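Note that the working numbering has the sequence shown beginning at 4, numbered continuously upward.
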Amino acid sequence: LRLVAVLRAILEGEKAAVLKRDRHLPLSFHRRQEELKFGVGLQRLQHRVREIQALRDGATAPGRGSGCPGGAGVGLRGLWRGPTAGIAPQELPALILEAVKELEAAKQQVLKRIQIWKRQQQLAGNGAVFEENLAPLQKRCESLVEVYFQLQQQAMAASAELGAELLPRLLERFNEVLSSLVKR
Numbered sequence: 004l005r006l007v008a009v010l011r012a013i014l015e016g017e018k019a020a021v022l023k024r025d026r027h028l029p030l031s032f033h034r035r036q037e038e039l040k041f042g043v044g045l046q047r048l049q050h051r052v053r054e055i056q057a058l059r060d061g062a063t064a065p066g067r068g069s070g071c072p073g074g075a076g077v078g079l080r081g082l083w084r085g086p087t088a089g090i091a092p093q094e095l096p097a098l099i100l101e102a103v104k105e106l107e108a109a110k111q112q113v114l115k116r117i118q119i120w121k122r123q124q125q126l127a128g129n130g131a132v133f134e135e136n137l138a139p140l141q142k143r144c145e146s147l148v149e150v151y152f153q154l155q156q157q158a159m160a161a162s163a164e165l166g167a168e169l170l171p172r173l174l175e176r177f178n179e180v181l182s183s184l185v186k187r
């Protein structure tokens with residue numbers, strides 16, 4: 004995470020320098036920037052889902068509780084630290100809630116992109132150039148829905164840890180994410 008923070012600071016500095024030099028960046032730059040932001044957010048969300056799966060597997064499999072791949076020998080357990088090293092099983096609900104927040108943020112990015120596409124389509128009626136290719140937008144929606152179902156599956160599998168109060172709220176948030184994508 005420290006490396007990510009350093010890279011982010013460098014990129015923000017570079018971005019500020021470019022914006023200072025060139026006040027008006029081309030539309031392709033903004034589109035590419037948005038695609039990268041969505042890609043990073045989706046990768047972060049996929050990582051969270053894998054982290055939840057690893058935590059659940061580590062908590063349920065007696066030979067794998069140490070995070071050691073495949074339940075390897077006792078001598079290797081202290082050497083290998085998996086993605087859930089340092090995360091206690093009781094932190095599973097908080098981890099799932101964090102993943103749902105990231106899912107909702109990714110959903111907002113997809114909805115924003117759909118709105119942009121609709122606006123470009125409206126402007127095309129006035130003679131503006133319009134790219135009719137919906138493949139990138141469809142790919143975004145499909146990848147988000149794929150992660151959505153993986154996360155929902157993990158939440159349902161961890162229903163005992165989530166409790167009777169949190170599970171219905173999570174299911175409601177899941178339904179809201181999916182319904183808002185379908186309605187748009």
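All C-beta atoms, glycine included, are put in the ideal place defined by N, C-alpha and C.
This one's a predicted model, so the numbers in the text were calculated from it and none came from an experiment.
Might you give, ordered along the chain, the residues of its own chain that have their beta carbon closer than 6 Å to the beta carbon of residue i, omitting 5 neighbours on each side?
i	result
L173	A158
L165	P96
L184	none
In the DSSP assignment, the alpha helix (DSSP H) including residue i goes from what residue to what residue?
i	result
F152	A138 to A160
R24	R5 to R24
R122	L95 to A127
From the options, pick the residue whose C-alpha is nearest to that of residue i; which is it?
i	options	result
F133	R53, P139, K121 and R176	K121
K40	E54, V113 and R187	V113
A102	S182, I55, R59 and A138	I55
L140	Q125, K115 and E179	K115
S146	A57, Q123, L181 and G61	L181
Q156	R59, G130, Q111 and E17	R59
Sorted by chain position, which residues of the same chain lie with C-beta nearer than 8 Å to residue i's C-beta, five sequence neighbours on each side aside?
i	result
A127	F133
E38	P139
K110	L147, V180, S183 and L184
Under 8 Å by Cβ, that's how I've got residue i and residue j pegged, so tell me the actual separation to the nearest angstrom.
i	j	result
Q49	V150	6 Å
E161	I99	In the sequence under discussion, the amino acid at residue 161 is Ala, which differs from the Glu named in the question. Confirmed, about 7 Å.
I117	R187	5 Å
Which same chain residues end up closer than 7 Å to residue i when comparing Cβ atoms and leaving out the 5 residues on each side of it in sequence?
i	result
A108	G44
E105	G44, R47, L48 and R51
R5	none
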